[in-house]
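**Q**
In our numbering, the protein residues as written are 166 to 476.
Shown next, in the form of structure tokens:
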């Protein structure tokens, strides 16, 4: 059993490393896939030839493409992500200044979406075909039908401009985090509520649940101790699959709410053609997703050993 578990984990880690290599390759090529001279793309058409040559020298743009990748990835492993052209500062320092707000926003949004979605899914399954079930279905469809940027603008207009409960933009205390997190969390909650309801209904119809009920256990004990754990297992995969969308949503929401995180920094860097920053942020976001999927796989195998046997 220990050997099987170790083999399962090794295969997952190797697959993650291969994916990470592919992700780093895409992040590196983002500069070279843009038509034109990379140096002129970064500095614009009006810089001097000496400035162009300095950029080519700094980023080894005169070298063959495979060698450029080796220079770049070796720098990544050393913690050297290059220098920002716009700020003339190390990219790693700029990312450190902004990763905290992004993690706070993503963590709050995930907490809202997971807890609310799982809770509503459980309640809807227990109260099947009742007004509570219909409300859970309606609210899920409602939040999914609203684009995140429009919902964010609506929150700003109502609670910022009209009621003046929260700041209109920026990071001014805890209150400024509430509605950006709700903008992402409420939409993603809908993605968890419906699958949770379906999984809970399937588990409640299993024979072992009927047998436990027949023994006279309290219904609440049957739900919490026996049904809930098995119903939650597929949700781990759901959470991992939704993480890229949470990150993508945070980019849009950060711009709407003027939130000083990596998302708004990425957008401004793209507009300013600060490609060393763009490469670094894309690599970081992609690696977060890859690691999250690895953790989900490993947690899945720990909670449900049948996954290792099937693999």
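The beta-carbon is built from N, C-alpha and C at its ideal position, and this holds for glycine as well.
What you are looking at is a predicted structure, and each value in this text was computed from that prediction instead of being measured.
Please determine, among 388, 234, 198, 363, the residue with the shortest C-alpha to C-alpha distance to residue 374.
**A** That would be 388, whose Cα lies nearest to the Cα of residue 374.
**Q** Identify the residues that DSSP records as bridge partners of residue 248: which are they?
**A** 255.
**Q** Can you determine whether any heavy atom of the ligand ATP sits closer than 6 Å to the C-beta of residue 236, and answer yes or no?
**A** The model on display carries no ligand, and the ligand ATP is accordingly not part of it.
**Q** Mind the definition here: the segment 214-231 touches the segment 251-258 only if three or more C-beta pairs lie below 8 Å; say whether that holds.
**A** Segments in contact, no.
**Q** Could you spell out where the alpha helix (DSSP H) holding residue 404 opens and where it closes?
**A** Taken as a continuous stretch (DSSP letters only), the alpha helix (DSSP H) holding residue 404 covers 393-421.
**Q** Whose C-beta lies closer than 7 Å to the C-beta of residue 207 among residues of the same chain, with five residues either side of it excluded?
**A** For residue 207, where only same-chain residues beyond five positions count, the Cβ hits under 7 Å are 220, 250, 438, 440.
**Q** Using the Cα positions of residue 284 and residue 173, report the straight-line distance between them to the nearest angstrom.
**A** One C-alpha to the other measures close to 32 Å.
**Q** On the three-state DSSP scale, how would you describe residue 354?
**A** Correct three-state label for residue 354: helix.
**Q** Less than 8 Å between the CB atoms is what I'm expecting for residue 358 and residue 408, so what's the real figure, rounded?
**A** Not quite, the Cβ-Cβ distance comes to about 17 Å (not below 8 Å), so this is no contact.
**Q** Out of 298, 435, 360, 267, state which residue places its alpha-carbon closest to the alpha-carbon of residue 422.
**A** Of the listed residues, the one whose Cα sits closest to residue 422 is 267.
**Q** Return the chain-ordered list of same chain residues with a C-beta closer than 7 Å to the C-beta of residue 263, the five sequence neighbours on each side being excluded.
**A** Hits under 7 Å: 425, 426, 427, 430.
**Q** Please state whether DSSP places residue 473 in a helix, a strand or coil.
**A** Caution is warranted here: a pLDDT of 48 is assigned to residue 473, below 50, making its placement in the model unreliable, and no coordinate value can be reported.
**Q** Please report the straight-line C-alpha distance between residue 463 and residue 246, rounded to a whole angstrom.
**A** Roughly 30 Å between the two C-alpha positions.
**Q** State the start and end residues of the unbroken alpha helix (DSSP H) segment that holds residue 222.
**A** Per DSSP, residue 222 belongs to the alpha helix (DSSP H) from 214-223.
**Q** By Cβ distance below 6 Å, which residues in the same chain neighbour residue 412 in space, the five residues on each side in sequence not counted?
**A** Here the set comprises 450.
**Q** Since residue 196 and residue 444 should fall inside the 8 Å C-beta cutoff, what is the C-beta to C-beta distance between them, to a whole number of angstroms?
**A** Between residue 444 and residue 196 the Cβ distance is about 6 Å, and since that is below 8 Å, they are a contact.
**Q** Could you tell me whether the Cβ atoms of residue 369 and residue 392 are closer together than 7 Å?
**A** It is a contact, given that the beta carbons lie within the stated cut-off.
**Q** So which of 394, 397, 342 has the shortest CA-CA distance to residue 418?
**A** Considering only alpha carbons, the answer is 342.
**Q** Any idea what DSSP makes of residue 383, helix, strand or coil?
**A** Correct three-state label for residue 383: coil.
**Q** Would you mind listing the alpha helix (DSSP H) stretches within the segment 292-333 that are 4+ residues and don't spill past its ends, in chain order?
**A** List check, alpha helix (DSSP H) in window: 296-309, 313-320.
**Q** Within the 7 Å Cβ cut-off, does residue 369 reach chain B?
**A** Annotation note: the requested chain B is absent from the structure, which comprises a single protein chain.
**Q** Between the alpha carbons of residue 460 and residue 405, how many angstroms are there, rounded?
**A** For residue 460 and residue 405, the distance between alpha carbons rounds to 9 Å.
**Q** Hey, how far is the Cα of residue 384 from the Cα of residue 378?
**A** Looking at the two C-alpha atoms, the distance is approximately 7 Å.
**Q** Going by the beta-carbon positions, is the gap between residue 282 and residue 354 smaller than 7 Å?
**A** Yes, the Cβ-Cβ distance between residue 282 and residue 354 is below 7 Å.
**Q** Where does the unbroken alpha helix (DSSP H) through residue 241 begin, and where does it stop?
**A** Start and end: 230-242.
**Q** Three-state secondary structure (DSSP) at residue 444?
**A** DSSP places residue 444 in helix when its eight states are reduced to three.
**Q** Determine the extent of the alpha helix (DSSP H) in which residue 436 is found, giving its start and end residues.
**A** Unbroken alpha helix (DSSP H) run through residue 436: 427-436.
**Q** Flag this pair as yes or no: are the beta carbons of residue 192 and residue 447 separated by less than 7 Å?
**A** Yes, the pair counts as a contact, with Cβ atoms nearer than the cut-off.
**Q** Are the beta-carbon atoms belonging to residue 324 and residue 315 less than 7 Å from one another?
**A** No; because the gap between Cβ atoms is not below 7 Å, this pair is not in contact.
**Q** Indicate the three-state DSSP secondary structure (helix, strand or coil) for residue 463 in the structure shown.
**A** Helix, per DSSP.
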